[in-house]
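Take 871 as the starting number for the sequence shown in my numbering and just add one per residue. The C-beta atom is built at its ideal place from N, Cα and C for all residues, glycine as well. Since the model is a prediction, treat every value here as computed from it, not as a measurement. Below: the structure, in structure tokens.
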Amino acid sequence: MPEKVVDKVDFRQAFEFPKKPEPKNLKQWFYDTRTNEYMGRYLFLFYGVYFIVLGALTTACFQSLFMVLSDDAPYFQLSESLIGTNPGLGYRPLPEEPEDSGFIHYVASNKTEIDYWVGRLNHFTEPYRNTSLLPGGGRNHVQCDFNQRPKNRNVCAVDLSKLGPCTAENGYSYHESSPCILIKLNRIYGWVPEYYDDPENLPENMPQELKEYIGNRTTDMERKQIWITCNGVNPADNEAIGPISYYPSFGIPSYYFPFTNQPDYLSPLLAVQFQRPALQRSIYVECRAWAKNIRYRGGSRDRQGSTQFSILID
């Protein structure tokens, strides 16, 4: 459309069509020296507003996030969390190399090999034996039993002297070809076990030895434990595994639960000693936890509520 133009000398009016803007090359489009524009915009103003808005949105997002997060408890817990409600079972010692995980092998007459596995167990149990290494120095550790549970964010101490021959002082019995394995339950915030505490209502597949042990407990509180048993994976392994002892007992007591991220909390340990395993052959072992709300699935893949390893003593 033509535009009206007024002559500045005699004030005559005329109409003319707007001139087509001169085409810009790539260099001029990127930076126009006449208008100081970058890509058609005033750079300082554009990016100034852009980063102010971006910073404000980022700050608002972080403030909203910090309002719902806690240093003491996860936002998503139990069934809402990725961990879920089925704790896994772990064991020690573990080798340094991940590819050797699950295989405990040593020569009974080789002190160097024995010292290696003893050292791995000593490294794992160091915070248990020296609580000054913990962030709080173990000051909130208290002695617990079935009649005395921890209070006011205190935690139950784990007394390794109750593990019988499975202690650092005794070399965990590796030098006697009666190796000890330490069993632990993985932590889940707020999880509370449902115990097999009724001797008249126990799983049919529970080992008879454990059933008798539960039946011989004198009080209901003593039966409130997560029971642990180990056996050979295959019939041949059961023949070679020999007698098994559990220290301090078959179970992990109820007073260690629930875990709520208490300062200096240490996972309770149960020691399993293989007293006379067959020599010069690999023995595949499975240990499992017994509780009503621990799902069990055996096997080497996708197992739940259990752990597997092999022992070979030459």
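Closest to residue i by CA distance: which of the options is it?
i, options, result
"P963", "Y976, I953 and G918", "Y976"
"G1102", "K1094, R1093 and G1112", "G1112"
"P1123", "W1160, D1134, S1115 and I1114", "W1160"
"D1184", "K1054, A1038, E1046 and S1115", "E1046"
"R1247", "W987, Q1095, Q1143 and G954", "Nothing about residue 1247 can be read from this structure; the chain reaches only from 871 to 1184."
"Y1125", "P1105, E1092, A1141 and Y1117", "E1092"
"W987", "E966, P1069, S1002 and L1003", "E966"
"F1127", "I1084, D1015 and G1008", "D1015"
"L1052", "G1169, Y917, Q1078 and C1036", "C1036"
"S1043", "D985, V923, Y917 and S1170", "D985"
"A1110", "N1075, G1007 and R1151", "R1151"
"G1175", "N1056, A1106 and A926", "N1056"
"T1089", "L1030, S979 and N1017", "N1017"
"I1114", "N1104, E1074, C1157 and I1084", "C1157"
Following the continuous alpha helix (DSSP H) through residue i, name the residue where it begins and the one where it ends.
i, result
"P1123", "It is not in any alpha helix (DSSP H) - P1123 instead sits in the beta strand (DSSP E) that spans G1121 to P1123."
"E1092", "Here E1092 belongs to no alpha helix (DSSP H), and DSSP marks it neither H nor E."
"L959", "Careful: L959 lies outside any alpha helix (DSSP H), inside the beta strand (DSSP E) at L959 to R962."
Spatial neighbours of residue i within its chain, please: C-beta separation below 7 Å, excluding the five flanking residues on both sides.
i, result
"L1080", "W1097, T1099 and F1120"
"L1025", "A quick correction: the sequence has Val, not Leu, at residue 1025. N1010, H1011, Q1132, D1134 and Y1135."
"A1027", "H1011, V1012 and Q1013"
"P944", "S951 and Y1059"
"I1181", "I974, P1049, F1144, P1147, I1153 and V1155"
"R1087", "R1093"
"N992", "A1038"
"V1062", "F1127 and P1128"
"L829", "Nothing in the structure corresponds to residue 829, since the chain is present only between 871 and 1184."
"E983", "Y976 and V977"
"M1076", "W1160"
Identify, in the order they occur along the chain, each residue of the same chain with its Cβ nearer than 8 Å to the Cβ of residue i, setting aside the five sequence neighbours on each side.
i, result
"D1172", "none"
"T929", "none"
"K1054", "L959, G960, Y961, R962, S1137, P1138, L1139 and L1140"
"N1022", "none"
"V938", "Y945"
From the DSSP output, which residues share a beta bridge with residue i?
i, result
"D1015", "Q1018"
"Q1143", "C1050 and S1115"
"G1102", "V1155"
"L1055", "L959"
"I1096", "I1122"
"F1129", "Y1059"
"R1167", "Q1174"
"C1026", "V1012"
What are the boundary residues of the beta strand (DSSP E) that includes residue i?
i, result
"E1156", "I1153 to W1160"
"G989", "No beta strand (DSSP E) contains G989, which is instead part of the alpha helix (DSSP H) from K981 to R999."
"Y1083", "Counting along the chain, Y1083 falls outside any beta strand (DSSP E), though it belongs to the alpha helix (DSSP H) covering Q1078 to G1085."
"Y976", "F973 to Y976"
"Q1178", "S1176 to I1183"
Report all residues from its chain with a CB closer than 6 Å to the CB of residue i; omit the five preceding and five following residues, and keep chain order.
i, result
"L1033", "Y1117 and A1141"
"Q947", "Y1059 and G1060"
"G1041", "V988"
"K1162", "E1064"
"F1019", "Checking the sequence shown, residue 1019 turns out to be Arg, not Phe. So the qualifying residues of the chain are Y1125."
"Y1066", "L1072 and W1160"
"D1107", "I1153 and Y1154"
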